[in-house]
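Before any comments, here is the structure.
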Amino acid sequence: MSPAQFAAFSDNAVMFASVVYVLAFLAHLAEWVFVRTLPLPAQATVASPALVGAGGGTRAGAVDPASPVDAGDTGDPGEGDRLEARELRVERFGRIGLSLTILGCLLHALGLVTRGLGSDPARVPWGNMYEFTLAGTFGVSLMYLVLLKRYQLRWMGVLVTGFLVVVLMVDQLLLYQDAGPLVPALHSYWLAIHVLAAVIASGAFAVGALTLVLFLVKNRAEQRGTLRPRGYLARLPEAVALERVAYRLHAFGFPIWTFAALVAGPIWAEYAWGSYWNWDPKEVWAFITWVIYAAYLHARATAGWRGKAASVIALVGFATLLFNFVGINYFFGAGSMHSYAH
Amino acid sequence: MSDVGTPPRVETEAGGASSQPPAPPPAPSALSPVELGRWAWRQLTSMRTALVLLFLLALAAVPGSVIPQRNIDAAKVIDWQQAHPALTPVYDKLGLFDVYGSVWFAAVYILLMVSLVGCVVPRLRLYWRALRSRPPRVPRHLGRLPQSRRFELDEDPEAVLARATAVLRRRRYRVSRPPEDGPAVSAEKGYLREAGNLLFHTSVLVVLVGFAAGQLFGYKGGVITIVGQGFSNSLSQYDDFDPGTLFNPDDLSPVSFTVDRFHVTFLTSGPEMGQPESFDADITYRPNPGAPPHRHDLRVNHPLQVNGTSVFLIGHGYAPVVTVRDGHGRVAYRGPAVFLPQDSSFKSFGVIKAPDASPQQLGFEGLFLPTYGFTMARGPFSQFPDELDPVLSLVPYHGNLGLDDGRPQSVYSLDKAHLRTYKSSDPAELGPVKRIKLSVGQTVRLPQGDGSIRFDGVKRWVKIQVSHSPGKDIALGGVLAGILGLMLSLFVRPRRAWVRVTREDGSGRTLVELAGLDRSSGGDLAGEVDELERLVRGGSGQAGRQQTSEAPKEST
Numbered sequence: 001m002s003p004a005q006f007a008a009f010s011d012n013a014v015m016f017a018s019v020v021y022v023l024a025f026l027a028h029l030a031e032w033v034f035v036r037t038l039p040l041p042a043q044a045t046v047a048s049p050a051l052v053g054a055g056g057g058t059r060a061g062a063v064d065p066a067s068p069v070d071a072g073d074t075g076d077p078g079e080g081d082r083l084e085a086r087e088l089r090v091e092r093f094g095r096i097g098l099s100l101t102i103l104g105c106l107l108h109a110l111g112l113v114t115r116g117l118g119s120d121p122a123r124v125p126w127g128n129m130y131e132f133t134l135a136g137t138f139g140v141s142l143m144y145l146v147l148l149k150r151y152q153l154r155w156m157g158v159l160v161t162g163f164l165v166v167v168l169m170v171d172q173l174l175l176y177q178d179a180g181p182l183v184p185a186l187h188s189y190w191l192a193i194h195v196l197a198a199v200i201a202s203g204a205f206a207v208g209a210l211t212l213v214l215f216l217v218k219n220r221a222e223q224r225g226t227l228r229p230r231g232y233l234a235r236l237p238e239a240v241a242l243e244r245v246a247y248r249l250h251a252f253g254f255p256i257w258t259f260a261a262l263v264a265g266p267i268w269a270e271y272a273w274g275s276y277w278n279w280d281p282k283e284v285w286a287f288i289t290w291v292i293y294a295a296y297l298h299a300r301a302t303a304g305w306r307g308k309a310a311s312v313i314a315l316v317g318f319a320t321l322l323f324n325f326v327g328i329n330y331f332f333g334a335g336s337m338h339s340y341a342h
Numbered sequence: 001m002s003d004v005g006t007p008p009r010v011e012t013e014a015g016g017a018s019s020q021p022p023a024p025p026p027a028p029s030a031l032s033p034v035e036l037g038r039w040a041w042r043q044l045t046s047m048r049t050a051l052v053l054l055f056l057l058a059l060a061a062v063p064g065s066v067i068p069q070r071n072i073d074a075a076k077v078i079d080w081q082q083a084h085p086a087l088t089p090v091y092d093k094l095g096l097f098d099v100y101g102s103v104w105f106a107a108v109y110i111l112l113m114v115s116l117v118g119c120v121v122p123r124l125r126l127y128w129r130a131l132r133s134r135p136p137r138v139p140r141h142l143g144r145l146p147q148s149r150r151f152e153l154d155e156d157p158e159a160v161l162a163r164a165t166a167v168l169r170r171r172r173y174r175v176s177r178p179p180e181d182g183p184a185v186s187a188e189k190g191y192l193r194e195a196g197n198l199l200f201h202t203s204v205l206v207v208l209v210g211f212a213a214g215q216l217f218g219y220k221g222g223v224i225t226i227v228g229q230g231f232s233n234s235l236s237q238y239d240d241f242d243p244g245t246l247f248n249p250d251d252l253s254p255v256s257f258t259v260d261r262f263h264v265t266f267l268t269s270g271p272e273m274g275q276p277e278s279f280d281a282d283i284t285y286r287p288n289p290g291a292p293p294h295r296h297d298l299r300v301n302h303p304l305q306v307n308g309t310s311v312f313l314i315g316h317g318y319a320p321v322v323t324v325r326d327g328h329g330r331v332a333y334r335g336p337a338v339f340l341p342q343d344s345s346f347k348s349f350g351v352i353k354a355p356d357a358s359p360q361q362l363g364f365e366g367l368f369l370p371t372y373g374f375t376m377a378r379g380p381f382s383q384f385p386d387e388l389d390p391v392l393s394l395v396p397y398h399g400n401l402g403l404d405d406g407r408p409q410s411v412y413s414l415d416k417a418h419l420r421t422y423k424s425s426d427p428a429e430l431g432p433v434k435r436i437k438l439s440v441g442q443t444v445r446l447p448q449g450d451g452s453i454r455f456d457g458v459k460r461w462v463k464i465q466v467s468h469s470p471g472k473d474i475a476l477g478g479v480l481a482g483i484l485g486l487m488l489s490l491f492v493r494p495r496r497a498w499v500r501v502t503r504e505d506g507s508g509r510t511l512v513e514l515a516g517l518d519r520s521s522g523g524d525l526a527g528e529v530d531e532l533e534r535l536v537r538g539g540s541g542q543a544g545r546q547q548t549s550e551a552p553k554e555s556t
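Chain order of the listed sequences is X and W.
When you number the first sequence by my numbering, it's gap-free, plus one each residue, and the end is 342.
When you number the second sequence by my numbering, it's gap-free, plus one each residue, and the end is 556.
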């Protein structure tokens with residue numbers, strides 16, 4: 001195929017990926033709508049604390065269909081069967097959502113690869129704002145799927161797919177640029193290293209931030225005692241477990257962010273601009289993000305700050321990350337040496 | 001500043017302060033100066049202060065990204081100051097045009113560093129002591145620990161204990177058998193976590209030292225060199241020069257170079273048409289005046305490094321070559337004049353000064369358009385950045401250039417205080433709008449017999465940056481060590497484990513008690529203890545959960 005064909009293929013792949021993510025989002029939405037009136041299986045409530053102790057995450061949402069639902073407290077076998085059928089339906093929608101997310105992620109990857117092949121000469125597919133966003137959302141999608149099994153993250157599906165749909169839509173409607181070669185300043189293998197690291201770290205921080213939002217909501221409900229024994233919130237892992245998953249995501253992202261912003265970036269800047277640290281707005285904000293996430297990690301290790309306060313700090317960190325990604329390019333576009341990212 | 005992951009606040013463990021209640025200390029007025037000092041030190045090195053300082057650092061960095069900074073773009077600062085005359089004196093006083101060199105920014109990071117030292121030093125001592133001491137004694141009630149197991153074996157207690165010791169050692173625990181604890185072993189691992197933690201915090205200091213060295217002793221200078229001309233590294237040659245506070249001009253490396261050729265290609269089709277595809281300059285350089293010449297292909301991302309000095313190609317533009325003759329027909333100016341690009345089309349702005357012209361001095365101000373285009377709505381503009389149809393569009397001035405009173409003047413602007421334009425009523429020579437339009441080879445005569453200007457040709461110039469930042473290797477090494485430390489402190493799990501064996505009086509079997517403690521948050525402690533149980537049982541038996549005493553929930 002010629003570069004132009006690859007570029008056209010990429011556009012189609014990204015479009016199909018978005019459509020599939022929308023379907024995945026709807027499936028997950030259905031999953032949680034049907035769970036709204038469904039009481040929590042007794043087993044889940046009991047098992048939860050032990051599982052928190054046993055592993056990083058707690059299984060939730062994904063109620064094993066093989067084990068009969070214990071509806072013992074009603075004492076009505078017919079009621080139990082009905083509940084079991086409903087649990088199965090919930091489970092089915094959850095699995096459909098997950099499968100569609102995997103399919104969407106594959107299409108997303110295909111769109112990204114062909115985007116790189118779609119310019120002449122072929123290059124890494126993150127040379128402008130549209131492509132950063134494409135790569136960044138792919139990072140989020142991949143991060144979620146990779147960690148899904150290990151941390152039992154399927155309850156996060158509705159949020160992750162919703163996030164992907166919105167951001168990809170913005171990307172295609174507002175940020176789209178035709179495929180083309182890079183500006184000379186980007187002719188460096190550091191583009192691959194620096195941006196890839198930034199994308200991976202941002203992906204981890206994004207998934208981490210989504211988890212922390214859920215943690216804050218659930219934590220509030222738990223502390224106020226307003227947690228209903230049914231519905232989405234009830235089936236999330238315990239607040240403590242949510243917080244721990246979020247911490248691990250941040251702990252994973254932070255060294256990579258350090259590398260992207262404070263090692264790869266400066267080395268490349270030294271080659272390209274003649275000075276490893278230029279106080280360019282993008283650099284300043286990457287540094288601000290770094291400092292705030294550092295504050296988060298410290299706060300989390302401090303009695304009295306762990307939990308709510310630390311989580312808010314991490315969310316502020318994510319806000320600075322988003323501002324750096326979007327705001328700097330739009331508000332300071334011409335003033336930043338990163339302005340080719342526009 | 002404290003760590004990432006382990007219970008922080010050293011003072012509570014480090015002796016001296018351990019008896020202090022956590023409540024706020026008594027009012028300072030009740031304290032002697034020494035106590036006051038100690039109180040202030042404790043406040044400064046507390047985690048809360050470190051967190052506040054981190055936030056302040058983030059916050060203090062913000063204005064520098066919003067307000068133009070002198071050391072980044074001095075021209076933009078001047079523009080901004082002209083646009084905001086009321087705010088300028090206030091901002092100037094607050095140091096907002098040089099945030100990263102201001103007193104208050106320095107105050108924040110110096111306090112942070114002091115806080116960090118105050119945290120790291122006592123912890124280093126503590127860590128040293130922990131490394132040399134034995135793992136802690138065996139708790140009396142192992143069943144009360146976060147994870148514990150009880151099971152019986154048929155073997156001899158000493159044999160079980162020996163196997164447990166071997167198992168723990170194999171899993172890289174430090175094992176000791178405190179004689180006062182009876183038939184039991186105590187084990188600990190994960191010492192690298194705190195080591196990583198200390199490494200990380202120490203490397204922050206190292207990075208700062210490296211960065212400061214660059215700021216104090218380094219320099220950065222920019223020079224525009226017309227292709228074909230040369231440059232030798234001395235202060236007078238620079239167009240702009242930004243030295244460090246302690247920079248000594250004698251430290252300038254004696255490098256010199258000539259720009260031989262410059263190539264640039266622009267995209268001629270597609271949506272990104274006009275975007276530069278690549279540009280590079282062939283230069284010939286000598287590391288010092290006596291050295292033989294070398295060649296280097298200077299490109300973006302491909303600087304020249306010589307004697308610790310780096311030479312970068314950071315921009316390029318056009319220098320139209322003109323000949324100006326005065327009213328007597330004598331050459332008043334001949335040569336290239338550097339025009340500065342205004343946008344990506346390389347529409348460039350510049351001036352030509354002919355102070356030697358008589359009877360009046362002559363000056364020209366206007367645009368160089370590499371590929372001429374014109375519409376009534378836009379006026380003259382450049383259609384493409386490459387020189388396909390180069391045109392000079394100039395406004396001539398006559399009078400006094402103001403160069404004689406000794407005040408320094410920019411070569412990129414005219415002082416129009418004593419200059420006048422020509423009346424536009426002379427269409428034969430100037431055209432209807434006072435402007436001269438010149439293509440290469442053309443000559444235009446000025447009105448009133450004041451002379452003429454000829455557009456001889458086009459040269460290119462390159463913007464070269466020469467910089468020297470000592471300490472950059474220190475900074476890089478520091479960051480890399482910091483990342484290593486960070487990973488150790490985030491991912492190594494410090495753990496303790498204990499095994500106690502007792503011979504059951506009745507059955508004669510051996511009761512094994514096994515317990516674990518995770519000193520960091522998170523981590524699969526239960527899995528680890530299960531695995532230990534399996535191995536202590538002899539490796540074959542299943543990790544029997546049936547006998548597991550229900551552990552209290554793992555502390556998180």
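Glycine included, C-beta positions come from ideal geometry on N, C-alpha and C.
Problem - Among 139/X, 86/X and 165/X, the one whose alpha carbon lies nearest that of residue 36/X - result: 86/X
Handout entry: Paired residues, beta bridge with residue 240/X - DSSP
Key = Beta-bridge partners of residue 240/X (DSSP): none assigned.
Practice task
Consider the Cβ of residue 538/W: report whether some Cβ of chain X lies at a distance smaller than 8 Å.
Solution key: no
Handout entry: Backbone secondary structure at residue 65/W - three-state DSSP
Key = helix
Exercise for the section: Would you please verify whether the beta carbon of residue 285/X is less than 8 Å from any beta carbon of chain W? Expected result: yes
Exercise for the section: Return yes when the Cβ of residue 221/X is within less than 8 Å of the Cβ of residue 227/X, no when it is not. Expected result: yes
Exercise for the section: Return the CA-CA distance between residue 108/W and residue 470/W, expressed in angstroms with no decimal places. Expected result: 24 Å
Exercise for the section: For residue 281/X, return the contacting residues in chain W, with the cut-off set at a CB-CB distance below 7 Å. Expected result: Against residue 281/X, the close residues of chain W are 65, in the order they occur along the chain (beta-carbon pairs closer than 7 Å).
Practice task
Note down, in chain order, every chain W residue with its Cβ under 8 Å from the Cβ of residue 278/X.
Solution key: 72
Practice task
Label residue 218/X either buried or exposed according to how many other C-beta atoms from any shown protein chain fall within 10 Å of its C-beta, with 16 as the threshold for buried.
Solution key: Counting the other CB atoms within 10 Å of its CB gives residue 218/X a total of 16 or more, which places it among the buried residues.
Problem - Assigned exposure category for residue 462/W - 16 Cβ within 10 Å defines buried - result: buried
Practice task
With DSSP as the reference, label residue 280/W as helix, strand or coil.
Solution key: strand
Handout entry: Cβ-based neighbour list, residue 230/X, same chain, cut-off 8 Å, excluding 5 preceding and 5 following
Key = Taken in chain order, the residues that qualify are 35, 36, 37, 38, 39 and 40.
Practice task
Determine the chain W residues that contact residue 271/X at a beta-carbon separation under 7 Å, and present them in chain order.
Solution key: 301 and 303
Exercise for the section: Using a Cβ cut-off of 8 Å (strictly closer), state whether residue 197/X contacts chain W. Expected result: no
Exercise for the section: Give a yes or no on whether the C-beta atoms belonging to residue 308/X and residue 216/X are separated by under 8 Å. Expected result: yes
Handout entry: Simplified DSSP state of residue 537/W, which is helix, strand or coil
Key = Residue state, collapsed to three classes: coil.
Handout entry: CB of residue 397/W within 8 Å of CB of residue 365/W, strictly
Key = In this structure, residue 397/W places its C-beta atom within 8 Å of the C-beta atom of residue 365/W.
Practice task
Starting from residue 557/W, follow its DSSP beta bridges and name the residues at the other end.
Solution key: The question about residue 557/W has no answer, for chain W in this structure spans 1 to 556.
Practice task
Establish whether the CB of residue 113/W and some CB of chain X are separated by less than 8 Å.
Solution key: no
Handout entry: Length at least 3, wholly inside the segment 406-488 of chain W: the beta strand (DSSP E) runs in chain order
Key = 419-421, 436-439, 443-445 and 452-468
Handout entry: Buried versus exposed, by CB contacts within 10 Å (16 or more), residue 73/W
Key = exposed
Exercise for the section: Show which residues of chain W have a CB atom less than 7 Å away from the CB atom of residue 211/X. Expected result: Those do not exist, as residue 211/X stays about 14 Å from chain W at its closest Cβ, beyond 7 Å.
Handout entry: the segment 184-192 of chain X in contact with the segment 261-273 of chain X per 3-pair CB rule at 8 Å
Key = yes
Handout entry: C-alpha gap between residue 60/W and residue 209/W, whole angstroms
Key = Taking the straight line from one Cα to the other gives about 20 Å.
Practice task
Return no unless some Cβ of chain W is closer than 8 Å to the Cβ of residue 325/X.
Solution key: Against chain W, the CB of residue 325/X has no partner CB under 8 Å away; the residue lies outside that interface.
Handout entry: 8 Å Cβ cutoff, residue 208/X in contact with chain W
Key = no
Exercise for the section: List the DSSP bridge partners of residue 517/W. Expected result: 496/W
Exercise for the section: Using 10 angstroms around the beta-carbon of residue 166/X, count the other beta-carbons present and answer buried if the total reaches 16, otherwise exposed. Expected result: exposed
Exercise for the section: Find the residues of chain W that neighbour residue 259/X, judging by a C-beta separation of less than 7 Å, and give them in chain order. Expected result: 483
Exercise for the section: Assuming residue 114/X contacts residue 204/X (C-beta within less than 8 Å), just tell me the rounded distance between them. Expected result: In fact, because the Cβ distance is near 26 Å, the residues do not count as touching under 8 Å.
Problem - Residue-level contact to chain W via CB, residue 274/X, 8 Å cutoff - result: yes
Problem - Three-way DSSP call (helix, strand, coil) for residue 227/W in this model - result: coil
Practice task
Could you say if the segment 175-182 of chain W and the segment 521-538 of chain W meet the contact criterion of at least three C-beta pairs nearer than 8 Å?
Solution key: no
Practice task
Give the single residue among 81/X, 256/X and 3/X whose Cα lies nearest to the Cα of residue 121/X.
Solution key: 3/X
Practice task
Select from 480/W, 202/W and 192/W the residue whose C-alpha is nearest the C-alpha of residue 492/W.
Solution key: 192/W
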